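Peer 1:
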Amino acid sequence: MIAVVVSAMGEDSDGALESSEEWKSGIVSFQSAVNTVRDVLTTLSRQTYLSHALHHQRDADALNSATEQLRGAFDMLKVRGYIELSALSARIHATEPVAALHTLDEQAAAIELPEPQSSSTLPPAPQLIFGRETETAAVVEAVCDQSGGNVAILGGPGMGKTTVALTALHHPTVAARFLRRRHFIACDSIDTKSGVLIAICGSLGFATSDQNTARRHLLAVFRQHLTLLVLDNFETVWEAGTDRLAAEEVLGLLSGICGLSLIVTARGSERPQGAMWHQPLLRPLGPLSDTSAKQIFTAIADVDDRTPYFADLLHDLDNIPLAITLLASQAQSEPLDDLFLRWTQLKTASLTRASGQDRLNSVEASIKLSLESPRMTAEVDATTVLSLLSVLPLGTTRHDFDIWASHLPNADRAISAVLQNALAYRTQDERIRVLSPIREFILLHHPPQDNAIHPLYAHYFGVAQAEEGALYPTPAVIAAVSTELENFSYVIRYALRTGAETSAALQAAVWFIQLVYNGGLGTSYDTLLPMALSVARSDGLHLRAAQLLTMWATISAQSSRGPLPIDLLNDAIALYKAANDVEGLVQAMCLSARYLPAPEAVEVCSEAYRLALERDTELRYYVQLALAQPYVRAGMMLEARACCDNVISAAQSWGPQGRRVIADAMHTLSMTDLEGNDFASGVATLRDLILVAQETRHAQLLVIARMKLGSILLDQGMRVDAIGYFEAALSTAEELGNDLHAITAWRHLATAHLLGNDDSRAMHALDMATQLLARYEDSESVMPGKIEVIIAHTKLLLWKGEVDDARVALHAALSLDIDNKRFLHGRARSITANLLYNLGEVEHEATRLGHARSCFLVSALLYRQGYERTSALKSLADFAWTADDDDAAEALLGAVMLPLLRCGFRPHLARVLLLLAQIASRQGDMRLARYRAQNALQMYESVDVPRARKKAAAFLESLEVCRT
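Read the sequence shown against numbering that gives the first Met the number 0 and you will find it ends at 963, with the numbers running on by one and no gaps.
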């Protein structure tokens with residue numbers, strides 16, 4: 000080697016230039032030595048453990064020999080490099096400097112550096128990825144752009160940034176373009192003191208500790224071929240103290256290399272500067288869609304998405320990919336009910352896999368990385384703002400944030416830091432929201448301090464304080480609160496759980512529960528109500544406890560859940576009396592009257608009215624409205640109408656709140672007309688009531704009114720219109736979460752579809768009602784719903800001709816204990832009458848006329864006792880249908896014809912005419928029989944009941960045959 004050096008240094012400059020072939024030869028020799036080492040290592044890696052043990056000395060010698068050969072070749076290459084540089088330096092100082100520079104450029108261009116390591120060292124492609132097709136396609140399109148493209152994949156903890164990068168890196172289009180020149184650099188393993196460039200060089204197989212050397216090497220390597228470089232978790236070097244600018248300079252250097260494309264993943268929503276990012280910019284990754292979340296979970300865990308707790312788990316995980324993946328992995332060996340229980344107890348601590356110490360195997364570890372980033376820790380109030388946002392499941396608007404965070408001096412910078420780190424994100428409706436797993440982690444490990452959260456409590460509880468005392472919420476209040484329901488509920492529950500500002504929290508709880516129930520805004524009070532009642536009782540706040548008991552009784556009567564309403568009301572009445580709260584006492588008394596016989600109910604409401612008069616407030620009109628209901632049950636229609644008229648007259652001057660009171664009065668008024676002597680007026684009032692209930696968002700009443708009007712229209716033969724009202728009632732009931740109303744609506748739909756000979760839709764309606772009933776382990780608690788399902792089932796059986804099965808089902812229903820205290824008084828009687836009426840139809844179809852007669856007669860009597868006039872009318876008509884005395888039957892049918900005509904019950908009137916035609920036929924008056932049958936057929940043809948129309952046509956045809 001010394002001889003080579005002396006010989007080369009003694010040559011003149013021209014000789015030095017001619018020695019470039021030697022330089023190239025040195026490159027070839029070095030490459031050959033590298034290949035030799037690679038071959039030796041490959042051979043050793045393929046040996047078995049036994050072969051290693053037997054020939055370890057031979058293998059060590061071979062490896063040492065190859066190493067020495069490589070070291071010698073590299074040293075020779077360095078010497079030849081020094082010689083070349085010396086020769087070129089001499090030329091530069093000679094008389095032809097420009098020519099020498101050209102020569103240097105030519106020789107530099109002629110040098111072909113060996114390609115860096117191949118793509119075989121890349122991390123494998125993700126096997127399961129759903130819901131990121133759009134983002135992956137955007138990344139692929141950007142890096143495969145003709146001029147090369149740079150993409151930053153941003154997002155919060157656990158959003159799958161690395162997954163998208165690796166999916167794009169292994170995409171067929173990318174692989175075909177860049178071949179083996181695809182490189183993946185994990186920046187979280189880089190020693191920030193050494194620098195990014197040195198780390199990149201090291202990962203490409205070129206070891207150096209000099210920044211300038213690394214820079215020159217990367218420029219030379221990346222310029223020669225199309226190359227794709229992934230810098231994963233770039234924030235770890237970008238946020239490392241004073242290295243932020245240095246990291247951005249590296250991006251600037253790399254993005255300026257022609258032919259090099261970059262994929263940079265970084266935690267947060269802020270793109271590093273320095274690079275020219277491909278347009279349009281890729282939005283930070285957000286939560287997955289519900290469909291994609293289900294696909295990931297079921298693909299990993301192989302569970303049915305209809306399994307109990309499946310939907311609850313995905314909802315609580317907020318569709319964060321990492322959280323779903325970790326929990327689905329556990330679901331491979333554990334049932335979902337156990338996982339859900341552990342999640343409710345441990346929250347994010349349950350979202351781990353293996354050791355759970357790194358960001359890929361622990362949601363908590365991933366969240367901590369974002370929380371401890373320099374961008375977060377640099378802002379004093381950032382964690383405080385994040386903790387306050389975590390109390391709001393729906394997030395907040397910027398306007399509201401400025402109100403309840405105004406006491407924080409650095410609130411603006413703090414919220415920016417939270418957003419930059421993607422610990423919160425902006426929703427499509429411009430709310431700032433924290434995802435559920437992050438919220439749970441923050442509230443457990445960094446809960447808001449009392450002084451920090453007080454303004455937020457004041458913001459939400461202040462609404463309750465301003466509205467307390469109103470009997471009904473106004474539409475404006477309902478509309479304003481409807482977008483914040485989950486926030487209100489959680490803030491109140493958080494205050495009750497932490498024991499902060501309990502009095503204000505309970506006041507807000509009472510107001511909120513009343514608002515949600517009366518406004519038809521769902522069932523977000525389910526967990527709040529018992530929790531608030533427990534706190535009120537333990538703190539000795541008897542008035543609040545009484546108010547909560549009253550609300551619970553009202554809700555329990557509608558949903559068939561919880562304690563018996565009358566027991567709750569009795570407890571409330573005792574507490575109101577002890578607290579000397581007349582207003583609450585009056586309301587509880589009026590509610591309790593619904594569970595008493597009509598005479599007793601009138602007495603209780605009259606006593607409540609006297610108490611209300613002493614207060615001289617609008618409360619007396621509330622009592623009058625309540626008094627009208629037992630008047631209707633007692634058949635005192637004039638008194639009931641007088642109460643309703645008084646309430647409507649007074650409420651006209653109450654503004655928007657009065658419209659809701661008017662709706663309640665209209666409902667009772669319609670009942671007095673429908674069960675009195677003005678059926679047409681009752682129907683008109685119902686139609687007006689539906690409009691007012693929609694206007695005032697009186698959802699509970701809206702469901703009842705729609706189903707009542709639908710039932711009337713079905714009796715009048717307007718089947719299609721009736722279905723429209725039943726479907727609208729069903730939709731509102733589902734929004735309310737009222738399963739009993741939903742089951743009733745499905746039962747009505749099944750009946751309506753059967754009348755139209757549409758058995759497939761009828762079976763679907765029955766299946767839906769059955770599924771709702773199956774939600775209740777104790778079906779006794781939903782007895783009305785259970786009976787509705789039985790009635791729908793028997794109608795379908797009867798339509799199929801399976802009479803015996805229908806009879807068995809109805810007898811089983813009649814044997815149930817339907818004298819349940821949960822029902823409003825008289826409800827059990829009405830249910831029994833309905834069952835007997837349907838059993839009468841079954842017995843008539845089986846030609847068991849005596850049994851059918853008894854069923855129709857008893858049902859008519861029960862309906863009449865409850866002043867259900869129209870139902871009694873139908874039972875009497877069918878009773879005549881089964882009579883064994885034609886003269887008595889004809890007299891009874893003649894008596895019900897006019898009331899049926901006034902009600903517009905054309906299908907029932909047509910059946911009466913057909914029955915009268917059959918009587919005339921049996922009596923030998925064929926002309927009268929044909930006349931009546933023709934009228935019956937004409938009436939059937941005016942309504943949408945094809946099966947009954949077909950029977951009438953067949954009977955008329957039989958009469959014509961007899962005639963000929």
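Note that the Cβ used here is the ideal one computed from N, Cα and C, for glycine as well. Because the structure is a prediction, the values reported are computed rather than measured.
(1) Tell me the DSSP secondary structure of Leu407 in three-state form.
(2) When we look at the beta-carbon of Lys949 and count the other beta-carbons within 10 Å, is it buried (16 or more) or exposed?
(3) So, Val163 versus Val195, is the Cβ gap smaller than 8 Å?
(4) I want to know whether the region 838-856 touches the region 878-895 - three or more CB-CB distances under 8 Å.
(5) Residues in its own chain within less than 6 Å of Ala404 by CB, not counting five upstream and five downstream?
(6) Below 6 Å CB to CB, which residues in the same chain sit around Gly964 once its five sequence neighbours on both sides are set aside?
(7) Under three-state DSSP, which class holds Ile565?
(8) Can you grab the Cα-Cα spacing for the pair Glu234 / Val150, in whole Å?
(9) Pick helix, strand or coil for Ser435, following the three-state DSSP scheme.
(10) With distance defined between alpha-carbon atoms, name the residue in Gly267, Tyr862 and Ser365 nearest to Thr831.
(11) Taking buried to mean at least 16 other C-beta atoms within 10 Å of its own C-beta, is Gln628 buried or exposed?
(12) By DSSP's criteria, Arg983 is part of a beta bridge. Which residues make up the other side?
(13) Just mark Gly154 as buried or exposed, buried being the case when its beta carbon has 16 or more other beta carbons within 10 Å.
(14) If I'm right that Ile565 touches Ser591 with Cβ under 8 Å, what's the distance once you round it to whole angstroms?
(15) Going along the chain, which residues of its own chain have a beta-carbon closer than 6 Å to the beta-carbon of Glu889, five neighbours each way excluded?
(16) Kindly indicate the opening and closing residues of the alpha helix (DSSP H) around Asp231.
(17) Please tell me whether Ile295 and Ala327 are closer than 8 Å, where the distance is taken between their beta carbons.
(18) Can you round the beta-carbon distance between Ala198 and Leu165 to whole angstroms, since I take them to be within the 8 Å contact cut?
(19) Any idea what DSSP makes of His215, helix, strand or coil?
(20) Please name the residue or residues paired with Thr396 in a DSSP beta bridge.
(21) Find out if the Cβ-Cβ distance for the pair Leu584, Leu610 is shorter than 8 Å.
(22) Measure the CB-CB distance between Ala909 and Met938 and report whether it falls below 8 Å.
(23) With DSSP collapsed to three states, give me the class of Arg658.
(24) Which residue wins for smallest C-alpha separation from Leu281, given the options Ile414, Gln126, Val581 and Glu132?
(25) State buried or exposed for Asp209, treating a residue as buried only when at least 16 other CB atoms are found within 10 Å of its CB.
(26) For His216 versus Cys200, is the C-beta spacing smaller than 8 Å?
(27) Take Tyr456 and list the residues in its own chain whose beta-carbon comes closer than 8 Å to its own, dropping the five residues that flank it on each side.
(28) What number of angstroms, rounded off, separates the C-alpha of Arg929 from the C-alpha of Ser941?
(29) Just mark Asn833 as buried or exposed, buried being the case when its beta carbon has 16 or more other beta carbons within 10 Å.
(30) Can you tell which of Ala475, Thr35, Gly267 and Thr324 has its C-alpha closest to the C-alpha of His291?
(31) Who are the near neighbours of Leu856 in its chain, counting only those whose CB is closer than 6 Å to its CB and skipping five residues on each side?
(32) Could you say which of Met762, Glu801, Leu407 and Ile742 lies nearest to Leu772 if we only look at CA atoms?
(33) By DSSP's criteria, Ala151 is part of a beta bridge. Which residues make up the other side?
(34) Report the CB separation of Ile437 from Gly394 in whole angstroms; it is logged as a contact under 8 Å.
(35) By Cβ distance, which residues of its chain are closer than 6 Å to His453, with the 5 residues on each side in sequence left out?
(36) Can you give the Cα-Cα distance for Ala353 and Phe339, rounded to whole angstroms?
Peer 2: Per the coordinate set shown:
(1) The three-state secondary structure of Leu407, taken from DSSP, is coil.
(2) Residue burial annotation: Lys949 is exposed, with fewer than 16 other C-beta atoms found within 10 angstroms of its C-beta.
(3) Annotated as distal: Val163 and Val195, with beta-carbon spacing of 8 Å or more.
(4) Counting Cβ pairs under 8 Å, three or more are found: they touch.
(5) These residues qualify, in order along the chain: Ala410.
(6) Here the chain has residues from 0 to 963 only, and residue 964 is not among them.
(7) In the structure shown, Ile565 adopts helical secondary structure according to DSSP, grouped into three states.
(8) Linking Glu234 to Val150 through their CA atoms gives a straight-line distance of about 14 Å.
(9) Three-state result, Ser435: helix.
(10) Ranking the options by Cα distance to Thr831, first place goes to Tyr862.
(11) Burial call: buried.
(12) Because the chain is modelled from 0 through 963, residue 983 falls outside the range shown and cannot be assessed.
(13) It is buried - the Cβ of Gly154 has at least 16 other Cβ atoms within 10 Å.
(14) 6 Å between Cβ atoms; contact.
(15) Excluding sequence neighbours, Glu889 sits near Ile918.
(16) Segment Thr226 to Asp231 is the beta strand (DSSP E) holding Asp231; no alpha helix (DSSP H) there.
(17) In this structure, Ala327 lies closer than 8 Å to Ile295 by Cβ.
(18) That belief does not hold up - the Cβ atoms of Ala198 and Leu165 are roughly 19 Å apart, past 8 Å.
(19) Note on identity: in this sequence residue 215 is Arg, with His being the wrong assignment. It is helical.
(20) Looking at the DSSP assignment, Thr396 forms a beta bridge with Arg430.
(21) Going by C-beta atoms, Leu584 is nearer than 8 Å to Leu610.
(22) Between Ala909 and Met938, the CB-CB gap stays under 8 Å.
(23) In this structure, Arg658 counts as helix in the three-state DSSP scheme.
(24) Of Ile414, Gln126, Val581 and Glu132, the residue nearest in Cα terms is Glu132.
(25) Looking at its Cβ environment, which holds fewer than 16 other Cβ atoms inside 10 Å, Asp209 is exposed.
(26) Result yes, Cβ atoms of His216 and Cys200 sit closer than 8 Å.
(27) Only Val490, Ala494, Ala499, Glu500, Ala503 and Ala504 meet the Cβ criterion.
(28) When rounded, the distance between both Cα atoms is 18 Å.
(29) Buried is the call here.
(30) It should be pointed out that residue 291 corresponds to Ser in this sequence rather than to His. The shortest CA-to-CA distance from Ser291 to any of Ala475, Thr35, Gly267 and Thr324 is the one to Thr324.
(31) Here the set comprises Phe878.
(32) Comparing C-alpha distances from Leu772 to each of Met762, Glu801, Leu407 and Ile742 shows the shortest one belongs to Ile742.
(33) Val263.
(34) Not really, about 12 Å apart at Cβ, beyond 8 Å.
(35) Correct list: empty, nothing qualifies.
(36) Rounded to the nearest whole angstrom, the CA to CA distance from Ala353 to Phe339 is 19 Å.
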